[in-house]
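Colleague:
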Amino acid sequence: MELSTNFLQQLIAVQGVSSDESRIKSFIIDYIQTHESEFAVKPVIYSGDELHDAFIVVFGEPKTAIYAHTDTIGFSIGYENELIKVGGPRIIDGTKLIGKDSSGEVAGELMVFESEDDNSKTIQLISEKVVDRGTLLSFAPNFRETAISVQSPYLDNRLGVFVALEVAKTLENGALVFSTYEEHGGNSVSACARFLHDKYKVKQALICDITWVTHGVVHGEGVAISLRDSMLPRKSYIDKITALARKNDIPFQLEVESAGGSDGATLQKSELMIDWCFIGAPEDNVHTPDEIVYKKDIVSMIELYQILMKEL
Numbered sequence: 003m004e005l006s007t008n009f010l011q012q013l014i015a016v017q018g019v020s021s022d023e024s025r026i027k028s029f030i031i032d033y034i035q036t037h038e039s040e041f042a043v044k045p046v047i048y049s050g051d052e053l054h055d056a057f058i059v060v061f062g063e064p065k066t067a068i069y070a071h072t073d074t075i076g077f078s079i080g081y082e083n084e085l086i087k088v089g090g091p092r093i094i095d096g097t098k099l100i101g102k103d104s105s106g107e108v109a110g111e112l113m114v115f116e117s118e119d120d121n122s123k124t125i126q127l128i129s130e131k132v133v134d135r136g137t138l139l140s141f142a143p144n145f146r147e148t149a150i151s152v153q154s155p156y157l158d159n160r161l162g163v164f165v166a167l168e169v170a171k172t173l174e175n176g177a178l179v180f181s182t183y184e185e186h187g188g189n190s191v192s193a194c195a196r197f198l199h200d201k202y203k204v205k206q207a208l209i210c211d212i213t214w215v216t217h218g219v220v221h222g223e224g225v226a227i228s229l230r231d232s233m234l235p236r237k238s239y240i241d242k243i244t245a246l247a248r249k250n251d252i253p254f255q256l257e258v259e260s261a262g263g264s265d266g267a268t269l270q271k272s273e274l275m276i277d278w279c280f281i282g283a284p285e286d287n288v289h290t291p292d293e294i295v296y297k298k299d300i301v302s303m304i305e306l307y308q309i310l311m312k313e314l
């Protein structure tokens, strides 16, 4: 399959630091409503105050839901341009940050200061002005593409959103959950899962997110199917997924980790009996402006999700 990244670039350019996902929500809903005539089945969108800035898109009679979080890591402005992490961004001197406060656009660079007295460190925004307290900042867009890879801030998880919307084009029966706050503690997944469980009896979930390159999961060998992270998905469900991947000759890697989590962790901790599995392309330079993913892993991710939404 041929991979076009123009829409991915557009998704990445929309700011959406955890707790401030309203703009990316509007962008995705506008995209779906504009292109709904091109989908195999006309979707129904559920959004509103009861879901905050999360929302649900339903096609036909869903049995399985794809969960893709829309929020990103970033920073809050504290006192006198001090930077406070939102989620877990890597702290790298010179990182370009952008945002907006009451006086207009904000742009500056991250700088680390170390105290000679107690060796403590603080991080500051170096900017021409003192920025309003509480202003949320994100990495400046910097999309790069080669024949084999894409590199950019926020492939985690705008790439997951991109994959979910690619799958939506041919989806006849299924649901998409665009969740919030994943990078800073989770917030919306349980409410969305409860809605789908009560209204449509949906008891299966696929977590459409981006994982890490490690010594066991590498670039170019296919999408990663996670057997576990800090949580343990049900083995019988994972076995169904790996069997379908093998049956359809989809390149994939098996991931086994002892730490980390995702929207799947929130599902496992909820009162609902929902099967879930994390499936995502591996990236390097995690939580930096230079996240990188191989295109062939993105393609295998899209193809596996298409199959699973038909056959699970």
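In my numbering, the protein residues as written are 3 to 314. In this text, a Cβ means the ideal position worked out from N, Cα and C, and glycines have one as well. Here the structure is a predicted model, which is why all the values come from computation and not from measurement.
Would you kindly report the start and end of the unbroken alpha helix (DSSP H) that includes Met-303?
Modeller: Translated into positions along the sequence shown, residue 303 becomes position 301. Secondary structure note for Met-303: its alpha helix (DSSP H) is the uninterrupted segment 297-313.
Colleague: Could you tell me whether the segment 176-187 touches the segment 57-67, where touching means 3 or more Cβ pairs closer than 8 Å?
Modeller: yes
Colleague: Taking the C-alpha atoms as reference points, what is the distance between Met-233 and Gly-188?
Modeller: Stepping through the sequence shown from its first residue, residue 233 is reached at position 231. Stepping through the sequence shown from its first residue, residue 188 is reached at position 186. So the two alpha carbons sit approximately 15 Å from each other.
Colleague: Determine the burial state of Asn-159: buried for a count of at least 16 other Cβ atoms within 10 Å of its Cβ, exposed for fewer.
Modeller: Within the sequence shown, residue 159 is the residue found at index 157, counting from 1. Buried.
Colleague: Suppose you measure from the CA of Leu-198 to the CA of Asp-231; what does that come to, to the nearest Å?
Modeller: For the purposes of this step, residue 198 is identified with residue 196 of the sequence shown, where counting begins at 1. For the purposes of this step, residue 231 is identified with residue 229 of the sequence shown, where counting begins at 1. Using only the alpha carbons, I get a separation of about 25 Å.
Colleague: I'd like the span of the beta strand (DSSP E) that includes Ser-228, first residue to last.
Modeller: The count along the sequence shown starts at 1 and reaches residue 228 at position 226. Where Ser-228 is concerned, the enclosing beta strand (DSSP E) stretches over 225-230.
Colleague: Please classify Tyr-81: is it buried, with 16 or more other beta-carbons within 10 angstroms of its beta-carbon, or exposed?
Modeller: Here residue 81 refers to the residue found at position 79 of the sequence shown. Label assigned to Tyr-81: exposed.
Colleague: In terms of DSSP beta bridges, what is Ile-58 paired with?
Modeller: Looking up residue 58 in the sequence shown gives position 56. Partner(s): Tyr-48 and Val-179.
Colleague: Once the 5 residues before and after Ile-86 are set aside, which same chain residues still bring their CB inside 6 Å of it?
Modeller: As a first step, residue 86 must be located in the sequence shown, where it is residue number 84. Result list for Ile-86: Ser-78 and Gly-80, in chain order.
Colleague: Does Asp-51 pass the burial test, meaning 16 or more other C-beta atoms within 10 Å, or should it be called exposed?
Modeller: Start at 1 with the first residue of the sequence shown, and residue 51 comes out as number 49. The residue in question, Asp-51, is exposed, as its Cβ has fewer than 16 Cβ neighbours within 10 Å.
Colleague: Could you check if Ser-302 is buried or exposed, using at least 16 other CB atoms within 10 Å of its CB as the buried criterion?
Modeller: As a working mapping, residue 302 is identified with position 300 in the sequence shown. Looking at its Cβ environment, which holds 16 or more other Cβ atoms inside 10 Å, Ser-302 is buried.
Colleague: Using only the alpha-carbon positions, how far apart do Leu-138 and Val-19 sit?
Modeller: Residue mapping note: residue 138 aligns to position 136 of the sequence shown, counting from 1. Residue mapping note: residue 19 aligns to position 17 of the sequence shown, counting from 1. Cα-Cα distance, rounded: 7 Å.
Colleague: DSSP on His-289, reduced to helix/strand/coil?
Modeller: In the sequence shown, counting from the first residue as 1, residue 289 sits at position 287. Correct three-state label for His-289: coil.
Colleague: Could you check which residue in Glu-147, Arg-248, Glu-259 and Lys-271 has the C-alpha nearest to that of Arg-196?
Modeller: In the sequence shown, the residue the question calls residue 196 occupies position 194. Comparing Cα positions, the closest option is Lys-271.
Colleague: Between Arg-25 and the rest of its own chain, which residues show a CB-CB distance below 8 Å, the 5 nearest in sequence each way excluded?
Modeller: Residue 25 sits at position 23 when you count from the first residue of the sequence shown. Answer for Arg-25: Val-16, Gln-17 and Gly-18, listed in chain order.
Colleague: In this structure, how does DSSP classify Ser-140 when only helix, strand and coil are distinguished?
Modeller: Start at 1 with the first residue of the sequence shown, and residue 140 comes out as number 138. Strand.
Colleague: When the Cα of Asp-292 is compared with those of Glu-259, Tyr-69, Tyr-48 and Gln-153, which residue comes out closest?
Modeller: To locate residue 292, count along the sequence shown from 1; it is residue 290. Among Glu-259, Tyr-69, Tyr-48 and Gln-153, the Cα nearest to that of Asp-292 is on Gln-153.
Colleague: Residue ranges of each beta strand (DSSP E) run of no fewer than 3 residues wholly in the segment 214-264, ordered along the chain?
Modeller: Every beta strand (DSSP E) of 3 residues or more that sits fully in the segment 214-264 is shown, in chain order, as 225-230 and 254-258.
Colleague: Roughly how many whole angstroms lie between the Cα atoms of Thr-97 and Ile-128?
Modeller: Mapped onto the sequence shown, residue 97 falls at position 95. Mapped onto the sequence shown, residue 128 falls at position 126. Approximately 10 Å between the Cα atoms of the pair.
Colleague: Please list, in chain order, all residues of the same chain as Ser-264 whose beta carbon is under 6 Å from its beta carbon, the five residues on each side excluded.
Modeller: For the purposes of this step, residue 264 is identified with residue 262 of the sequence shown, where counting begins at 1. Contacts found: Ile-209, Asp-211 and Phe-280.
Colleague: Among His-186, Pro-235 and Thr-213, which one has its Cα closest to the Cα of Gly-76?
Modeller: Sequence index remark: in the sequence shown, residue 76 carries index 74 (1-based). Out of His-186, Pro-235 and Thr-213, His-186 has the C-alpha closest to the C-alpha of Gly-76.
Colleague: My output table needs one value for Gly-89: the three-state DSSP class, helix, strand or coil.
Modeller: Start at 1 with the first residue of the sequence shown, and residue 89 comes out as number 87. Here Gly-89 sits in coil by DSSP.
Colleague: Do Leu-173 and Val-43 count as a contact pair if the criterion is CB distance below 8 Å?
Modeller: Indexing the sequence shown from 1 puts residue 43 at position 41. Indexing the sequence shown from 1 puts residue 173 at position 171. Yes, Cβ-Cβ distance for Val-43 and Leu-173 is below 8 Å.
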